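Q:
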Amino acid sequence: MRKNIVAGNWKMNKNVIEAQQLMFQLLEYKKNNAANCEVWIAPPSLYLMMARDLYENNEIGVFAQDMSEHESGAYTGEISAGMLESIEATGTLVGHSERRQYHGETDAACNKKVKRALDMGLTPIYCNGETLDQRKAGQHLEVVKNQTEEALFTLSAEELKKVVIAYEPVWAIGTGETASPEQAQEIHAHIRSLIAAKYGQEVADEISILYGGSVKPDNAKEIFSQPDIDGGLIGGAALKMDDFAKIIEGFNS
Ligand code: PGA
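Residue 84 in my numbering sits at position 57 of the sequence shown, with consecutive numbering throughout.
1. Could you check where the beta strand (DSSP E) with LEU182 kicks off and where it finishes?
2. Give me the Cβ distance between TYR226 and ALA184, rounded to the nearest whole Å; I'm assuming they're in contact under 8 Å.
3. Let me check one thing: in DSSP terms, what residues is TRP67 bridge-paired to?
4. Does the stretch 209-224 touch the stretch 248-256, meaning 3 or more C-beta pairs lie closer than 8 Å?
5. Can you give me the Cβ contacts of VAL43 inside the same chain, cut-off strictly under 8 Å, excluding the 5 residues immediately before and after it?
6. How many Å lie between ARG162 and ASP80 at the Cα?
7. Look at the alpha carbon of TRP37 and the alpha carbon of GLN47, and state the distance between them as a whole number of angstroms.
8. Am I right that GLY240 and ILE200 are in contact with their C-beta atoms under 8 Å? What's the rounded C-beta distance?
9. Using 8 Å as the threshold, is the stretch 103-112 in touch with the stretch 126-134, meaning 3 or more CB pairs across them?
10. Shortest alpha-carbon distance to ILE234 belongs to which of GLN92, GLU195, LYS189?
11. Express the C-alpha separation of GLU276 and GLU229 in angstroms, rounding to a whole number.
12. Run through the DSSP bridge pairs and tell me what LEU237 is partnered with.
13. Using only CA atoms, which one of GLY203, ALA116, GLY156, MET147 lies nearest to ASP134?
14. Which two residues bound the contiguous alpha helix (DSSP H) that contains VAL242?
15. With respect to 7 Å, is the separation between the Cβ of LEU260 and the closest non-hydrogen atom of the ligand FAD below this value?
16. Judging by CA-CA distance, which residue of LYS41, MET50, TYR194, CYS64 is the nearest neighbour of ARG29?
17. Cβ of GLU195 within 7 Å of any heavy atom in the ligand PGA?
18. Given that a residue counts as buried once 16 or more other Cβ atoms are within 10 Å of its Cβ, and exposed if not, what is SER207?
19. Is LEU120 closer than 8 Å to ALA178 when the C-beta atoms are compared?
20. Name the residue from GLY122, HIS97, GLU86 whose alpha carbon lies nearest to the alpha carbon of ASP146.
21. Taking the continuous beta strand (DSSP E) assigned at TYR74, which residues delimit it?
22. Out of curiosity, what's the CA-to-CA distance linking LEU159 and PRO244?
23. Report the residue from GLY122, CYS137, PHE271 whose alpha carbon sits nearest the alpha carbon of MET50.
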């Protein structure tokens, strides 16, 4: 089911009081405003249960920022799909570029994580995107193709329909530099056409593809208006209620 989504990735920010405050603000906002999109957050895993308890009516989707590719066992520091399922989390990010860059995450590992998440009824948000060097070398279409195929194309059509994809060019994350709406649209259409070629147009049309990388209140509306862009994965601007609200309102006409 293709839907419009604004998801906030809090990364490693906020102490427990600050996290609780922002979660409350978001709940108040959702109660008082009719959003034209799904609103999801991915706080640090330490705060997931707090979010789940607060959003008991599923007003806001609750996502982990990462989870283990393994089922359970001696993997110090990790959390599993089963644990996320047991707290009724909505899903998890998979393959964020910071996990790839600092923790050596590969598309083979992403493939296992996506499958494990789906097996537990969780929604994976699979992230991909090229680096600046790859973009400068004109390899962006190829890089995104390889990432998408390797991480997702062992799934069945029914499984793939439950995945959300986030295209996040690494050079635009946290840099203040945003892909132009046309640059983002090009890649989004590319990803959708790869899916259509392998699974058929009907499947491709059902998948939400988000853009991430310096989405701000002043550029959200234009980015979201592109035909193949179904929302955003928001980092820095998700940490302040005012900014996040304006981005959500990028879907208001
Ligand atoms: P940013 O981060 O909005 O701060 O660029 C986006 C992301 O990494 O998901």
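Built from N, CA and C at the ideal position, the CB exists for glycine as well. Please read all numbers here as calculations on a predicted model, not as lab measurements.
A: So, from the listed chains and residues:
1. Where LEU182 is concerned, there is no enclosing beta strand (DSSP E), given that its DSSP letter is neither H nor E.
2. About 5 Å separates the two Cβ atoms, so the contact holds.
3. TRP67 is bridged to ALA34, GLY88.
4. With contact defined as three or more Cβ pairs closer than 8 Å, the stretch 248-256 and the stretch 209-224 are in contact.
5. LEU73, TYR74, MET77.
6. Rounded to the nearest angstrom, the two C-alpha atoms are 42 Å apart.
7. Cα to Cα, TRP37 sits roughly 13 Å from GLN47.
8. Taking the Cβ atoms as the reference, GLY240 lies roughly 5 Å from ILE200, within the contact range of under 8 Å.
9. A contact is defined here as three or more CB-CB pairs under 8 Å, and the stretch 103-112 fails this definition with respect to the stretch 126-134.
10. Nearest C-alpha to ILE234 among GLN92, GLU195, LYS189: LYS189.
11. Looking at the two C-alpha atoms, the distance is approximately 28 Å.
12. Paired residue(s): ALA193.
13. It is GLY156.
14. It is not in any alpha helix (DSSP H) - VAL242 carries neither H nor E in the DSSP assignment.
15. You won't find the ligand FAD in this model; what it holds is the ligand PGA.
16. Nearest C-alpha to ARG29: CYS64.
17. Remark: the shortest separation between the CB of GLU195 and any heavy atom of the ligand PGA falls under 7 Å.
18. With fewer than 16 other Cβ atoms from the protein chains shown falling within 10 Å of its own Cβ, SER207 counts as exposed.
19. Between ALA178 and LEU120, the gap from beta carbon to beta carbon reaches 8 Å or more.
20. Nearest C-alpha to ASP146: HIS97.
21. No beta strand (DSSP E) holds TYR74; DSSP gives it neither H nor E.
22. Rounded to the nearest angstrom, the two C-alpha atoms are 24 Å apart.
23. Selected option, being the one with the closest Cα: PHE271.
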